[in-house]
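Report on the structure given below.
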Amino acid sequence: MPSFTVPLTEAGPVFDVVLSPTVFLTEKRRASGLAVYSDPGTALIDTGASQSVMSADLEFIHQLAPAGNVLIATPAAPAVDCFEYAVLITFPANVQIESRLIAVPHLKHDVQCLIGRDILRHGVFTYDGRSKSITVRF
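What follows is the structure, encoded as structure tokens:
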């Protein structure tokens with residue numbers, strides 16, 4: 012079972028990820044002679060979030076087609092219409108998961124991606140208070 016462990020910092024379980032087109036789209040673009048690019052970023056595990064989100068400002072989104080629309084509630088507005096995209100997320104230790112992420116207009120704290128329960132439900136999430144670390148196994 013692939014896994015990764017990250018330290019629990021003052022900001023929470025924060026770690027580096029790479030967000031990319033799905034394997035299918037990557038192969039399709041390369042077969043057509045088109046460039047494929049990814050965005051490195053910082054992710055935060057948010058067990059209070061039912062769905063995972065990414066910053067709408069990420070450049071790699073321009074090569075994707077939306078997989079749908081989602082209305083989300085934010086502190087500033089009760090309903091914001093956002094696009095949802097199929098994405099390949101590369102976690103630490105090269106653990107890769109394909110999932111749908113909602114592109115939201117503003118994420119704070121220098122975070123480009125929030126990992127919510129929609130992704131965490133596919134694995135085992137362990138908090139080790141003694142070592143102040145989080146381990147996720149998929």
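Residues are numbered in the numbering used here as their position in the sequence shown, beginning at 1, plus a constant of 11. No residue lacks a Cβ here, since even glycine has one placed at the ideal position from N, Cα and C. Please read all numbers here as calculations on a predicted model, not as lab measurements.
| query | result |
| --- | --- |
| Whole-angstrom C-beta distance between G127 and S63, which should lie under 8 Å | 4 Å |
| Those residues which DSSP pairs with P51 across a bridge | V29 |
| Contact belief for P103 with F15 at Cβ below 8 Å, rounded distance in angstroms | 4 Å |
| H117 to V25 span [Cα, whole Å] | 17 Å |
| Which listed residue (G52, L19, Y48) has its alpha carbon closest to that of D121 | G52 |
| Buried or exposed by the 16-neighbour rule on C-beta atoms within 10 Å, applied to A87 | exposed |
| At least 3 beta-carbon pairs within less than 8 Å: the segment 25-36 vs the segment 97-114 | yes |
| Where the beta strand (DSSP E) through F15 begins and ends | 14-18 |
| Assigned secondary structure, Q107 (DSSP; H/G/I helix, E/B strand, else coil) | strand |
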